[in-house]
Every structure is written in C-alpha cells, then in structure tokens.
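Number of protein chains: 2
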Amino acid sequence: MAKPFRAVPAIPSGNERYNAKVKQLNERLEAQLPASLRLPKEIMGNLPVNVTQIPETCGLLSDQELAITALDATDLCAKIAKGELTAVETVTAYGKRAAIAHQLVHCLVDFFLADGLARAKELDEYFAKEGKVIGPLHGLPEQTPVKGKLGSAGFLSTVEFSPEDSLMVKILRDLGAVLYVKTNQPQSIMHLETVSFHGRSLNPYNTNLTCGGSSGGEAALIAMKGAPIGVGNDGGGSIRDPCAKCGLWGLRPTSLTMPQGDYLHYEMGNDGIIPSTGPMCRSARDVDFFISAVRATKPHLVEPLLVPLPWNIPEKLDRKLRIGIMLHDGVVVPQPPMMRALKRAKSKLEASDEVEVVEYLPFEHKAGYDIIRELYFEDGGATVRRVLEEGGEDILPLTEWVISPPHTKEHTIPEAWELRFRRDKYRQAYSDYWNASGCDVILCAPFPGTACPHDMARYWGYTAIFNLLDYPGFVFPSGIKLDPKIDVAYESREPLSEPDQYFRDFYDPEYMVGAPVNLQLVAKRFNDCMLVAAQRIVERIILS
Amino acid sequence: MAKPFRAVPAIPSGNERYNAKVKQLNERLEAQLPASLRLPKEIMGNLPVNVTQIPETCGLLSDQELAITALDATDLCAKIAKGELTAVETVTAYGKRAAIAHQLVHCLVDFFLADGLARAKELDEYFAKEGKVIGPLHGLPEQTPVKGKLGSAGFLSTVEFSPEDSLMVKILRDLGAVLYVKTNQPQSIMHLETVSFHGRSLNPYNTNLTCGGSSGGEAALIAMKGAPIGVGNDGGGSIRDPCAKCGLWGLRPTSLTMPQGDYLHYEMGNDGIIPSTGPMCRSARDVDFFISAVRATKPHLVEPLLVPLPWNIPEKLDRKLRIGIMLHDGVVVPQPPMMRALKRAKSKLEASDEVEVVEYLPFEHKAGYDIIRELYFEDGGATVRRVLEEGGEDILPLTEWVISPPHTKEHTIPEAWELRFRRDKYRQAYSDYWNASGCDVILCAPFPGTACPHDMARYWGYTAIFNLLDYPGFVFPSGIKLDPKIDVAYESREPLSEPDQYFRDFYDPEYMVGAPVNLQLVAKRFNDCMLVAAQRIVERIILS
C-alpha cells in the first residue's frame, strides 16, 4: 500500500461504528489517488508552511500542465473554444494537480478523474466533429450532489452516494463542465473552518491556519490551482469566508437568484435564513463568467423558488460610485493586517477622481448578528445533536459553540414567528439607514483578520450580517499579505467586546505569516450587477 | 338619535367587556354617518335581495353624482386630470354613495369623509395653480393602516387607531389618492366570508349571500360603487375571493412585488405563506392602472423585502396563448353556474383562432391544500385563541373550522421545517407538471361556485393552492350570473370528497339567485405581466 498522505491534525472522533466508517472512507479516497502522483518523502517530510509553490517544484507536473493550471476559467475556456487546448489535456492537468493539492492541504473527499477524462474525451470528439464546444464551462469541479459520488451534509450520518445530479450540476454539465472531485466541508457545514469526519483541510498559504469554511476544501483546492473555479453555498459566509482566507475571488449573490435545488442539508425546510450559491474563483472576471453562463440557461424556469432577475453588468455606472468605508463593525476591530488593507484601500480610493468615498458607520451589527445566530438553530441545536448521535460522531468545539446559548435556544412556533419578525424589522431599519447614507456599496473586512489558526473562527459578524440582510457580497484580494514586520500590533484602544478581546488575544503575526488579506464589497439586495461593476472599479484602483 | 342601520345577522358575541367595546365602535360609526344620507324607512323596510340599484333609485344622489360613481378609476382619473371633474365633487359623490352602501351591505368600519374632502380641496387648489394633478390616483380608498384611523387584524383585541400610514397608504397619498373609509374584514382575517366584531358584510347582488373575504367589506363597497377601486391582501384568496363573489376584477400579484409593509396582523413573522397585496377593481384595465402607478414609485427601494421586477404589459404575446382549462380541481366540483361559465368560456375560446385551448388536469391539489392549511397555523391555532381571549371575544364557526384538525396541529420547530420542506417539494413538483403541460395560463374557478350563503365557505382550494405556489391569479366576471332557471342541478356523478358533498348539499339556486359568476386566470410565478396581457385576450373572447 502507498504511503499514507500527510497526517491531518485533530480529526473528529466518535464511537467504534463511526471510526470504522471513517476508516473506510479514508481508505476509499486513498485508493482513488494514483501512486504515480504521490509526493516524495523528501518533500512531504520537509514542508514549508506555505505549500502553494510545491506543485510547481515537485516535478510531477509538466511545463504544459503548469501552464494550463495557471489560467483562470475565462482564459481556459477561451483556449478550449479556439482549439488551442483539448478537454482531455486540461482535465488531466487539473486532475494531477488536485491529487497533489490534496496531499498538502487535505481538500478532497472523492476523486473520480477517470469519469472526468471519459467526459473530456466525449467533449473533444464533439469539438472535432462540430467545430464548437458544447458550452463555455469546460473543466469545472464543484461540491453539490453529483450522481453516484460522495455527498454529505457535514455529518457522517448524512453521507450518501448521491442518487441524482443537483440542478446546478445538471446545468454545469450541459454547459460542458467536467467534474472530477468533491471537496471537504466542516461538521454541520456551520463553521468558518473546515474540519469534518473526512479530516481537516489546511490553508495553502500557511498550513498553520484554517482555509475557512464551509467551502474550505473547495477554496484550498482552487488556491492550489487544483481546479479553475468552484461553487459554494453561503448562509453565513461559506463562499466569502474561504475565498477571503485563501486569497480568492468569490461572490455571494442575492439569495434565490442561482440554482440550488437538491443541495444537501440536515435541516431541509429551515428557511429563516436562505443560503445563496455562487462562484469561487481565481479572478474577478471569472465571477461574471460563471454567473453569466448559469443564468443564461434560465434556471428559474426549472426551479420555481428562484427570482428571474436579469444579469447584465453595466459597462458604466450612471453616476460616480459612492463607496462607504466601514473600518470595523462596532463589535470586533479587525486585526492589524486587515486594518492595514482597509486603510490602504481607503487612501487609494480617496486619491481617485473616479469614486466618492465616505465613512460608513455600522448600524447595530451586534443586534443583527444576535438575530441571525438565533435564527440558524431555532430548535436549540436539537437536530444537530440528533444527527451527530445517529452517526456516533462526537461534537467538535466549533459545532458546540455555534449551537450554544446565549445565541441559540429552543423556540416555540410563536417565538420563532417573533424572531422572524425581528429579522424583518431589522432588515427594514438597516435598509432605511443605508438609504440615508447614500452609498452604492460599502467596503469592509470579510472577517476580523486574515485566516486564523485552526478552530479559532468564533465571530461571523462580517459575513453573516449580510446573509441576514440578503445583500450580495464580493470578496477579493486586497493586494497585501500578512507581514510580521509591518502588521505588528493593534492601535492601542480598549476592546469593544468579548469577541474583540478574543481576536486580540490570539493574534500572532509570526505564526500567521503570509496569510492573504482580502476585502469585501457589499451592495443592497438585488444590486448584484452593480456590485460586480463596482468591484471592477475598486479592484482597479486598489491594485494600481 | 338617528334610526340605526339595518339589523345585521349573527354578530359575534363575547363577554361584557367585549360587548361594551363593540357597542362603542358601533355607535362611533353610527355617529360618523350624516343624518342627511339615511335611507328612508320605506326603502329600508322593503329591501330586495339585490340592493345594487338602490343608490340609483333612492333619490339621495344627483345625476352628476351617479355619473361620477359609474366611472372606473381609469376614466375617473383621466377626467380629473383634464379638469372635467374636481377632486371635491368626486370625493363628495363617493362619500355619499359609500354611506348609502353601508346601510345596505354593512361594509364600513370607519368613515372620515371630512378628512377626504379637506384633502380633495388641497388637490383642487394644487390643480388650479399648477395645471396638473399630483398623481394619477385621485380618490381611492383602501383598508391598510391609515394614520389616526381605525385598524385591526380581525379581532377586537387588535383594534387600534393606527399611529402611522403604512407604506402602501403613503404611496397612494403621494399619488394623489384621497382616503375616506375603512372597510370590514372577518374575525381572524382567515375566512372567505366577512363577519367580525363590526358585524357582517353582505353581498350586494344577493344579501342572502356572503360578499366573500377577507376583503369582503371592500368588495361590497366597490360593487355598490361606493369606491372606484380598493386594495386587498391575499394569503388564501382575500383579494380574489371577494372580487369573484361580488363580480369585480382583482389580481393577486406574485408575492413581495407590491408594498405591504406595516399591514396589521396578529402573527407577525409567520412567513410560511406570504400574502400578496393588490387591487380590487371595476374593470380589467384598472388593475394595470393601479399596479403601474404603484410600481412606478419603486417601492422596492423603500421596502427591502420586495423583489424589483419590472412592470410592462406586453402589447402582443410572442406566441399563440396556450390556455389550460381546469374544470375542477379533483376535490370539489364547482356548482352548476360556475361549471356553466367554465364550459361557456371553453367553447368560446375553442372557437377562437387567437388562442390554443387544452384540458388541464389538476396536479395533486388536495395534497397542496393540506399543506397550506397546515402552514397557516403552525402553532395549532394557539395564537388565535389567545387573541380572542384577550378581547373577551367568542370564536366564530369559520374561525373554529380554519384552525381545527386535521388540517391544523401544533408543531415543534423540526416539524415546522419538515412542513416547509414539503411545501417546497410540492412547489417543485407542481412547476415540473405545469411546465410539461406547456400552458401559459390556466383558466379555472376561483371558488367551487358563486357566493354562497353566509358561513358556508368551507373550502379554499381554488384560491389557496395558488398562494401555496405563489402563482399570480386574476379573477374577472364571466359574463353570466346565477340563473335558477338554467343552473338547476349537478350532472349526476358521485361526489369526489366530503367537501364536494358539502357543496352539493347546500346548493340552492332559488336562494342564491343573481350571484355573479367570476372566473380565475392563473400564470406561473413572476409572470404577472403576461397574465394581465392574457386576461385581456381571454376577456375579449369570452365576453364577445
């Protein structure tokens, strides 16, 4: 048997039945990854904390494979469409790189490259005969139910080999996508961290740190260039958080504008907060590329819960973009590298004639955060405990935290109605406040810092507040990474809250060195197209 | 003291405190209606069952006032805009006619004509000075919270003098609307009937019959031409049912496309089914007129729960309209006059080259009806009982029916999630079924018959199923009324269900003579504009 992959810290424990099934799943994945793609002992025994360069230096990929996997999805698909690349060579390159990535950051849960190559061959034959590609999305992996492949809702007891493709997968296949991997998500799918019965995924830029969550395996894979693009489902940050922590581009669209039918969950019908599915990318343009392609298939005709809003990114805005900068949310002050990125962005934007910059003060974010935390588990976490019990699975610290009082309690039906009414009143009050500010977008942190050390992500306010409001949010690299020489200390100020103190206490620039620093741009509900246009402007100014 | 208005049958009872407060409300309304507008004893002592002609024959209205109140809103507003009518004379005519209507069908709960006239005077002054009207909606009453006026959520304990205008009222006022009455709704707002602590509203075409509900007071008032147009809020039929029963035009739009912030309810946050607000009219074109005007104000910018869909009625459809005719829903066969109207419509439509007609068989309507009935009161009716108790108010038979098993039970949170998941799966299955039918719209009954005798409306399936699905529905007159000479008996067939037997048992063409017969046209979610265009075609063919 081949040498096992890198030991993964703190795998969740459970009873005997649990351990047996976990072992089986681990061995299954182990067996799926070809011996020819194992990283040699000299490399595995001597890993740097930043593993992003290892695919390029390990010698397992050809120059051509490295070149293919360096392309973003837009370029990749353009080259396939022109016949400059075949689907087979593309899928081969990505499959190999994904296997390498997995050994370094433990991002996969299922690996089916043979299926991907078979499909790629069909696509190449079609191209040879018809002279055109089936659709623009050749070679995109993702994580929602794929027929016959491993799926779960974040607990061992929910593992399935999915009986059908979900609608998103059907659409992607129709667009010519090739699927070859499924990626890891955390226990309960409710961590900004990725650790599950499959093990723990790591941040490619610093394996001491989390890759974020819940789509952390997906983000780690994409950051390793083991996939050109991916899909997440964001109910509290699950697209934006892992994209932010892994230095990617990601959009959480307004909810119910993208197909998400049949996604796996353990609380189906829990609709107090509706997650939203969207792309995780290696460029800003890929966000538009992905959504344009999916929307063009008119998924609202098939999935009746969807809102048929048009998708047209304006070339020009009809007035000067007004950007509110929110340096902190009144609850947790971002750690030094995030504050540096915000101030750097602010000064660059202020220096531009193209935009108008104002200070944006948070509107009762603590109150909103309290509401969404209470909404997530209206049953007081009883279902989570039941599903754990069914799998013989022990609860992880972050799962215990997310379902614990004071934020979570068991509700009667009238109490749940009252809670949802508070949600709607908050939405109205926030909207009034935003309208009064006159801002088109606000720029803020996506998390109170960069990726944190494992199991420390105990504040969701910067992403979850916009889930509560259902405002689209776009995360993207700020142009800087955590530098222990610069990002030394907080400005001296009293902590704002207990979580603020917590983030100050664990901040350690030496340990967290090299973590990407991403920013978040937010617009009001249904202003997704304007947001994408605004992000282009902001990125251009900030990165100039 | 003036002679009291017509005795109203079966006013709900209650305890002493309740009776005292009800008496106070009755006396208040009594005092608001001027003595000069009392119908003489000779008329009130000798009323026909059809009272629609009495305003024209009673001698209290001038020819000019009769002519004004004969106009639909579109014509009325056009004449005001051209200076052919003043706001003051319009409001005077409508105020007088509303007071007369109330004596005949007991439709009002608050009457504030003086306020209306003061506002009309301002509007006329503005017109004299500026040569234009403030907006297109001069002279429209309605029933949502109006600052300082009587409001309630259908129970005595919820009575208020509203502290603020609701958003809809603010918009209507900005458009130049004049408000002068509030109208009656049933206990709990959850009857297809209108009987409350204010008393019972009657059907103007046959006072033996209900005017429908929940916006029954509004429908009775409009059918009496005591208002040109009105507003309802439809969570199970509350626009469509009273419009259908009173021979009006009414549209329940796709929900959350029209402003409904601050509407009164006793279960705020109960969001398993979201009602939808829309117009109740005396012509089809007034439906478009009303919605166009309201949507043009962009209410979604103010009310963040709203979806900003465009409102543009296509002049022409891009293909031949495909109409599915559903003769019954598989649960209750419509009573003879409704079946006659459906078959008459079918044969006229089949004779037209302009449309394509197919049979539409219902898709598991009983299952859907069971789901929505269970969704309305996830608390098993506990809140209804509490709110009744608080007001010392006895429960009415239809309220008891609507909160009773088997349809209603108390849910835990996981049971409520499971119920909502069943809702979403039903929506998906229904949409798939509809898509396979290829229909653009379906034509069906809005209720299993015309208006029924009081307190008999114990089946909501024909309207509520489309609330569950959130499909827009347009009701409109079929061109016929119940004729005891023609609409004699059911075709002999076994009853489909217990409610089917119930509707057969009480059907009595002599007693129900003259009831208007309306039809319902339904489209899929968010296809409101196509639906309005389709209704124009269908109405033209059916009424030709």
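So the sequence lines, in the order shown, correspond to chains A and B. Reminder that position 193 of the first sequence reads as 199 in my numbering, one-by-one numbering, no gaps. Reminder that position 244 of the second sequence reads as 250 in my numbering, one-by-one numbering, no gaps. The beta carbon of each residue, even a glycine, is placed where N, CA and C say it ideally should be.
Residue i versus residue j: straight-line alpha-carbon distance, rounded
i, j, result
"Ala93(B)", "Ala126(B)", "5 Å"
"Gly560(B)", "Asp506(B)", "Because residue 560(B) is not part of the residues shown, which for chain B are 7 to 550, the question remains open."
"Ile49(B)", "Asn318(B)", "47 Å"
"Gly223(B)", "Ile331(B)", "31 Å"
"Leu45(A)", "Gln434(A)", "54 Å"
"Arg429(B)", "Asn276(B)", "15 Å"
"Val293(B)", "Ser443(B)", "28 Å"
"Phe341(A)", "Tyr269(A)", "As written in the sequence, residue 341(A) is Gln, which differs from the Phe given in the question. Approximately 34 Å between the Cα atoms of the pair."
"Pro454(B)", "His371(A)", "50 Å"
"Pro147(A)", "Ala183(A)", "Bear in mind that the predicted position of Pro147(A) carries a pLDDT of just 44, short of 50, making it too unreliable to give a figure here."
"Asp534(A)", "Thr260(A)", "7 Å"
"Ala457(B)", "Lys415(B)", "29 Å"
"Ser19(A)", "Glu170(A)", "30 Å"
"Cys217(B)", "Pro248(B)", "6 Å"
"His271(B)", "Ala159(B)", "5 Å"
"Phe11(A)", "Asn441(A)", "Interpretation of Phe11(A) is limited by its pLDDT of 42, a score under 50 that renders its predicted location unreliable; the figure taken from the coordinates is listed afterwards. Each residue's alpha carbon lies about 53 Å from the other."
"Lys349(B)", "Cys450(B)", "10 Å"
"Asn25(A)", "Val165(A)", "14 Å"
"Pro515(B)", "Phe203(B)", "30 Å"
"Leu307(B)", "Met264(B)", "12 Å"
"Gly145(B)", "Leu527(B)", "Only weak support exists for where Gly145(B) lies, its pLDDT of 48 falling under 50; the coordinates are left without a value."
Under 9 Å from the C-beta of residue i: neighbouring residues of chain B
i, result
"Thr389(A)", "Ile419, Pro420, Trp423"
"Phe369(A)", "Under the 9 Å cutoff, chain B gives no residues; its nearest Cβ is about 13 Å from Phe369(A)."
Identity of the residue in the options nearest residue i by Cα
i, options, result
"Leu404(B)", "Gln434(B), Leu381(B), Ala463(B)", "Ala463(B)"
"Arg325(B)", "Leu381(B), Arg288(B), Asp446(B)", "Asp446(B)"
"Arg291(B)", "Arg542(B), Val28(B), Lys153(B), Ala37(B)", "Arg542(B)"
"Ala351(A)", "Gly398(A), Leu394(A), Pro411(A), Glu545(A)", "Glu545(A)"
"Leu1(B)", "Asn214(B), Asn473(B), Phe167(B), Ala457(B)", "Here chain B has residues from 7 to 550 only, and residue 1(B) is not among them."
"Met286(B)", "Ala457(B), His197(B), Arg258(B)", "Arg258(B)"
"Leu475(A)", "Ala451(A), Pro305(A), Ala495(A), Tyr439(A)", "Tyr439(A)"
"Glu62(A)", "Gln266(A), Glu90(A), Lys231(A), Arg179(A)", "Lys231(A)"
"Ala470(B)", "Gly137(B), Leu312(B), Tyr132(B), Leu198(B)", "Leu198(B)"
"Pro234(A)", "Met344(A), Ala76(A), Ile378(A), His112(A)", "Ala76(A)"
"Met518(A)", "Ala539(A), Pro490(A), Tyr508(A)", "Pro490(A)"
"Lys251(B)", "Ala357(B), Glu500(B), Met344(B)", "Met344(B)"
"Arg488(A)", "Lys176(A), Arg346(A), Thr389(A), Gly284(A)", "Just to set this straight, residue 488(A) is Leu in the shown sequence, not Arg. When only C-alpha atoms are compared, the closest one is Arg346(A)."
"Val538(B)", "Leu43(B), Pro320(B), Arg531(B), Val313(B)", "Pro320(B)"
Under 8 Å from the C-beta of residue i: neighbouring residues of chain A
i, result
"Phe161(B)", "The contacting residues do not exist; Phe161(B) stays about 15 Å from chain A at best."
"Gly275(B)", "Ala422, Trp423, Glu424, Leu425, Arg426, Phe427, Arg428, Arg429, Asp430"
"Gly267(B)", "Gln434"
"Glu203(B)", "Per the sequence shown, the amino acid found at residue 203(B) is Phe instead of Glu. The contacting residues do not exist; Phe203(B) stays about 23 Å from chain A at best."
Opposing strand residues paired with residue i [DSSP bridges]
i, result
"Arg206(A)", "Val201(A)"
"Trp255(B)", "Cys287(B)"
"Leu327(B)", "Val361(B)"
"Thr189(B)", "Leu114(B)"
"Phe167(A)", "Leu156(A)"
"Glu399(A)", "Gly20(A)"
"Lys27(A)", "Its beta-bridge partners do not exist; DSSP assigns none."
"Asn239(B)", "Thr283(B)"
"Lys322(B)", "None; Lys322(B) has no bridge partner."
Chain-ordered neighbours of residue i on chain A, where CB pairs are closer than 7 Å
i, result
"Ser437(B)", "Pro310"
"Glu384(B)", "Ile419"
"Pro314(B)", "Phe532"
Contacts of residue i in chain B (Cβ-Cβ under 7 Å)
i, result
"Gly444(A)", "Going along chain B, no residue has its Cβ under 7 Å from Gly444(A), so there is no contact; the nearest lies around 12 Å."
Determine, using beta-carbon pairs with one atom in the stretch 100-118 of chain B and one in the stretch 43-61 of chain B, whether at least three such pairs fall under 8 Å. yes
Cβ pair count under 8 Å reaching 3, the stretch 276-285 of chain A against the stretch 239-248 of chain A: yes
Between the stretch 207-221 of chain B and the stretch 31-44 of chain B, do at least 3 Cβ pairs fall closer than 8 Å? no
Report yes or no: do the stretch 403-422 of chain A and the stretch 193-200 of chain A share at least 3 C-beta pairs separated by less than 8 Å? yes
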